[in-house]
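Asker:
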Amino acid sequence: MTTLTDRPTTGLMVIDVQQGVVDGAHRRDEVVAHIGELVERARRDGVPVVWVQHSDDELARGSDAWQYVPELVRAESEPLVHKSHGDSFEGTDLEQVLAAAGIGHLVVTGAESDACIRSTIHGAFTRGYDVTLVGDAHTAGDKSAWGAPPVDQVIAHTNLYWQFQTAPGRTAAVVGATDVDFTG
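Residue numbers (our numbering): 2 to 185.
Spelled out as structure tokens, the structure:
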């Protein structure tokens, strides 16, 4: 139901699952395993996988912290979008990558739930995409020292409010990794 014309394809987005981003993140190994399973399923089913990689002053491009976790390996044919803002669309070629692949429905995974994930799902939705957040395939680090709720509550809240997002001609959903349907 995307509002984007000629975009019948569903694509899997893997956002910022980088060593320095998910080191110490809530349920890191479980989340990375879910993402790995989704990547393999997407590849097997011919679903495009789009990788997003963040860099900034604290996450220097080329550093060990900037590298994707070793459990997730991007295929050479899969697009990699470099970003320096929370919303993966801002200042990047993500829109062109998705348009070239005919993607109108994004299945979103990655880190961090309260920053780049939230910014990107909202950014995609306002740009006309259908957006499915994989509720057990996103995570964040603990920011309670700065007044944020515990990470499990941040993730639960993100999943809660996203399932109730509405807009004309678009859908928002939250599903578990085992329930992801790449055909719709």
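C-beta: ideal position from N, C-alpha, C; glycine also.
Looking at the structure shown, is Q19 part of a helix, part of a strand, or coil, going by DSSP?
Answerer: For the purposes of this step, residue 19 is taken as residue 18 along the sequence shown, with counting starting at 1. Three-state result, Q19: strand.
Asker: Write down the C-beta distance between T11 and H106 rounded to the nearest angstrom, noting that I regard them as a contact closer than 8 Å.
Answerer: Walking along the sequence shown from the start, residue 11 turns up at place 10. Walking along the sequence shown from the start, residue 106 turns up at place 105. Their Cβ separation, rounded to whole angstroms, is 4 Å, which keeps T11 and H106 in contact under 8 Å.
Asker: Would you tell me roughly how many angstroms separate the C-alpha atoms of R42 and A102, rounded to the nearest one?
Answerer: Indexing the sequence shown from 1 puts residue 42 at position 41. Indexing the sequence shown from 1 puts residue 102 at position 101. Taking the straight line joining both Cα atoms gives about 18 Å.
Asker: Looking at R128: is its Cβ nearer than 8 Å to the Cβ of T159?
Answerer: Your numbering for residue 128 matches position 127 in the sequence shown. Your numbering for residue 159 matches position 158 in the sequence shown. No, the pair does not count as a contact, with Cβ atoms beyond the cut-off.
Asker: Alpha carbon to alpha carbon, what distance is there between A149 and V48?
Answerer: If you number the sequence shown from 1, residue 48 lands on position 47. If you number the sequence shown from 1, residue 149 lands on position 148. For V48 and A149, the distance between alpha carbons rounds to 36 Å.
Asker: Looking only at its own chain, which residues have a Cβ that is under 7 Å from the Cβ of V198, when we skip the five neighbours before and after it?
Answerer: Since the displayed the chain opens at 2 and closes at 185, residue 198 lies outside it and no answer follows.
Asker: Do V15 and V70 count as a contact pair if the criterion is CB distance below 8 Å?
Answerer: Counting from 1 along the sequence shown, the entry for residue 70 is found at position 69. Counting from 1 along the sequence shown, the entry for residue 15 is found at position 14. Against a cut-off of 8 Å, the Cβ pair of V15 and V70 comes out as no contact.
Asker: With 16 other CB atoms within 10 Å as the buried threshold, where does D17 fall?
Answerer: By one-based count along the sequence shown, residue 17 stands at place 16. Flag for D17 reads buried.
Asker: Quick check: what's the CA-CA separation for M2 versus A100?
Answerer: Residue numbering aside, residue 2 sits at position 1 when the sequence shown is read from its first letter. Residue numbering aside, residue 100 sits at position 99 when the sequence shown is read from its first letter. The straight-line gap from Cα to Cα measures roughly 16 Å.
Asker: When DSSP labels each residue in this structure, what does A168 get in the three-state scheme?
Answerer: For this step, residue 168 is matched to residue 167 along the sequence shown. Looking at A168 - three-state DSSP - the assignment turns out to be strand.
Asker: Need the endpoints of the beta strand (DSSP E) that L107 sits in, please.
Answerer: By 1-based counting over the sequence shown, the position of residue 107 is 106. That run of the beta strand (DSSP E) goes I104 to A112.
Asker: According to DSSP, is G148 part of a helix, a strand, or is it coil?
Answerer: Start at 1 with the first residue of the sequence shown, and residue 148 comes out as number 147. Note: G148 maps to coil in three-state DSSP.
Asker: Keeping to the same chain, check which residues put their C-beta closer than 8 Å to that of A61; ignore five residues upstream and five downstream.
Answerer: Taking the first residue of the sequence shown as position 1, residue 61 is located at position 60. Cβ within range, chain order: W67.
Asker: What ranges does the alpha helix (DSSP H) occupy inside the stretch 25 to 63, keeping only unbroken runs of at least 4 residues that lie completely in it?
Answerer: Qualifying alpha helix (DSSP H) stretches, in chain order: 29 to 45.
Asker: Between which two residues does the beta strand (DSSP E) containing L134 stretch?
Answerer: Residue numbering aside, residue 134 sits at position 133 when the sequence shown is read from its first letter. Here the beta strand (DSSP E) through L134 covers D131 to T140.
Asker: Taking 8 Å as the cut-off, decide whether the C-beta atoms of T93 and D131 are in contact.
Answerer: Locating residue 93 in the sequence shown gives position 92, where the first residue counts as 1. Locating residue 131 in the sequence shown gives position 130, where the first residue counts as 1. Not in contact: T93 and D131 (Cβ atoms no closer than 8 Å).
Asker: Do D137 and G177 have their C-beta atoms closer together than 8 Å?
Answerer: For the purposes of this step, residue 137 is identified with residue 136 of the sequence shown, where counting begins at 1. For the purposes of this step, residue 177 is identified with residue 176 of the sequence shown, where counting begins at 1. Closer than 8 Å, so yes.
Asker: From G63 to R28, what does the alpha carbon distance come to, in whole angstroms?
Answerer: Translated into the one-based positions of the sequence shown, residue 63 becomes position 62. Translated into the one-based positions of the sequence shown, residue 28 becomes position 27. Rounded to whole angstroms, G63 to R28 spans 26 Å at the Cα level.
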